[in-house]
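*Asks:* Structure provided below as structure tokens; questions to follow.
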Amino acid sequence: MSSGALAAAAALGPFFVLETDPPPRSSADGGPPWRAFTELTDDPAVTRARIAAIRGAIAERGRLSVDDVPQRAAASLAHLGLVSRLISPSLGAAVLGGVVPDLDGLWWRDVLGPVPLTLPDPRGEVVDAGDAEAVAAVLARQFVHGPVARLTAAIGAEGKVSARVLWGNVASAAAGSVRMLGSASPAHAEIAFAVGRHLVDQAPLIGLGAFTGTAFRRSTCCLYYKIPGGGYCGDCVLEGR
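Letter 158 of the sequence shown, counting from 1, is numbered 158 in our numbering, and no numbers are missing.
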């Protein structure tokens, strides 16, 4: 696939960046090395380590002990951050460039914040960027058969979080990506929100959230409220109850 679609997406912000360089054997900045994303989804030890890292970061930021942070909540938030990074470049490349990248072959670095991602020799499926329903159908198929589904299964197993909560995270992450895209590129906001509405209206996201205009409300909770001082997210089903 042309790198133009990924470059256009990357201009939207850090969550939309998907590099295409081969991962170096070592990190020039001395940070964590590049690793195949399949290690995170297929190796339980790597999955558990990521959950533990997020749990520790939450505890440090909130001046809590690690034991005060429920593991299920940490696992859910680890998942939410990662799926946001998986979804955003795909959505951006589809809406701005008419291509949905195939995320198999993805590499990542295990850092906090928007994790760096690279996809050497990128391939993708061409879509009509003006056809929101068609774009959503390709994205949904990617969710079911790609790393989003494998990550969801892995974190569900190791973090003891229900599939419904985690797929609700996917719906929330998709809605968040839509909002970020619309804010960064107002000319594409209408089609982005149309893609979002179609996306949450089909498997695997049916019943997990809905748009009312540009506002989104999920039907599950990411469990952030279980962390002392956590509260509710803006799209939480519990907000306002």
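Virtual Cβ for every residue (Gly too), placed ideally from N, Cα, C.
Using three-state DSSP, classify residue 36 as helix, strand or coil.
*Replies:* Three-state result, residue 36: strand.
*Asks:* Out of 22, 53, 40, 37, which has the shortest C-alpha to C-alpha gap to residue 77?
*Replies:* Residue 53 is the option with its Cα nearest to residue 77.
*Asks:* Just the C-alpha distance for residue 79 and residue 169, rounded to the nearest angstrom, thanks.
*Replies:* When rounded, the distance between both Cα atoms is 8 Å.
*Asks:* For the beta strand (DSSP E) that contains residue 193, what are its first and last residues?
*Replies:* Element bounds for residue 193: not the beta strand (DSSP E) but the alpha helix (DSSP H), 189-199.
*Asks:* For the segment 148-160 against the segment 106-119, do three or more pairs of beta-carbon atoms, one drawn from each stretch, fall closer than 8 Å, so that the two count as touching?
*Replies:* No: the two stretches stay apart, fewer than three of their Cβ pairs being nearer than 8 Å.
*Asks:* Which two residues bound the contiguous beta strand (DSSP E) that contains residue 101?
*Replies:* Looking at the DSSP string, the run of the beta strand (DSSP E) that includes residue 101 is 99-101.
*Asks:* Please return the same chain residues whose Cβ sits closer than 8 Å to the Cβ of residue 65, not counting the five positions on each side in sequence.
*Replies:* Excluding positions up to five away in sequence, the list reads 59.
*Asks:* Return the chain-ordered list of same chain residues with a C-beta closer than 8 Å to the C-beta of residue 51, the five sequence neighbours on each side being excluded.
*Replies:* Counting only Cβ-Cβ distances below 8 Å, and skipping sequence neighbours, we find 71, 74, 75, 78, 155, 158, 159.
*Asks:* Would you report the Cα separation of residue 200 and residue 228, rounded to the nearest angstrom?
*Replies:* Straight-line Cα distance between these residues: approximately 30 Å.
*Asks:* At which residues does the alpha helix (DSSP H) containing residue 46 begin and terminate?
*Replies:* Element bounds for residue 46: 44-61.
*Asks:* Looking at residue 133: is its Cβ nearer than 9 Å to the Cβ of residue 198?
*Replies:* In this structure, residue 198 lies closer than 9 Å to residue 133 by Cβ.
*Asks:* Under 8 Å by Cβ, that's how I've got residue 101 and residue 18 pegged, so tell me the actual separation to the nearest angstrom.
*Replies:* Between residue 18 and residue 101 the Cβ distance is about 7 Å, and since that is below 8 Å, they are a contact.
*Asks:* Thinking just about the alpha-carbon of each residue, which of 206, 103, 13, 186 is nearest to the one in residue 20?
*Replies:* It is 103 whose Cα lies nearest to the Cα of residue 20.
*Asks:* Short of 7 Å in beta carbon distance, which residues of its chain neighbour residue 225, apart from the five on each side in sequence? Order them along the chain.
*Replies:* Excluding sequence neighbours, residue 225 sits near 231, 232, 238.
*Asks:* According to DSSP, is residue 152 part of a helix, a strand, or is it coil?
*Replies:* Of the three classes helix, strand and coil, the one that applies to residue 152 here is helix, per DSSP.
*Asks:* Counting beta carbon pairs with one atom in the segment 78-93 and one in the segment 7-17, are three or more of them shorter than 8 Å?
*Replies:* With the cut-off at 8 Å, the segment 7-17 and the segment 78-93 touch.
*Asks:* Roughly how many whole angstroms lie between the Cα atoms of residue 3 and residue 62?
*Replies:* The alpha-carbon atoms of residue 3 and residue 62 are separated by roughly 40 Å.
*Asks:* Go to residue 125, then tell me how far its beta strand (DSSP E) extends in each direction, as first and last residue.
*Replies:* That run of the beta strand (DSSP E) goes 124-126.
*Asks:* Using the C-alpha atoms, what's the distance from residue 208 back to residue 184?
*Replies:* In a straight line, the C-alpha of residue 184 is about 26 Å away from that of residue 208.
*Asks:* Who are residue 167's beta bridge partners in DSSP?
*Replies:* Paired residue(s): none; residue 167 is not in a bridge.
*Asks:* Rounded C-beta distance between residue 35 and residue 110? I'm assuming under 8 Å.
*Replies:* Confirmed, about 7 Å.
*Asks:* Note down the Cα distance separating residue 244 from residue 96, rounded to an integer number of angstroms.
*Replies:* Here the chain covers residues 1 to 241 and nothing more, so residue 244 does not appear.
*Asks:* Considering only their Cβ atoms, is the gap separating residue 143 from residue 179 smaller than 9 Å?
*Replies:* No, they are not a contact pair.
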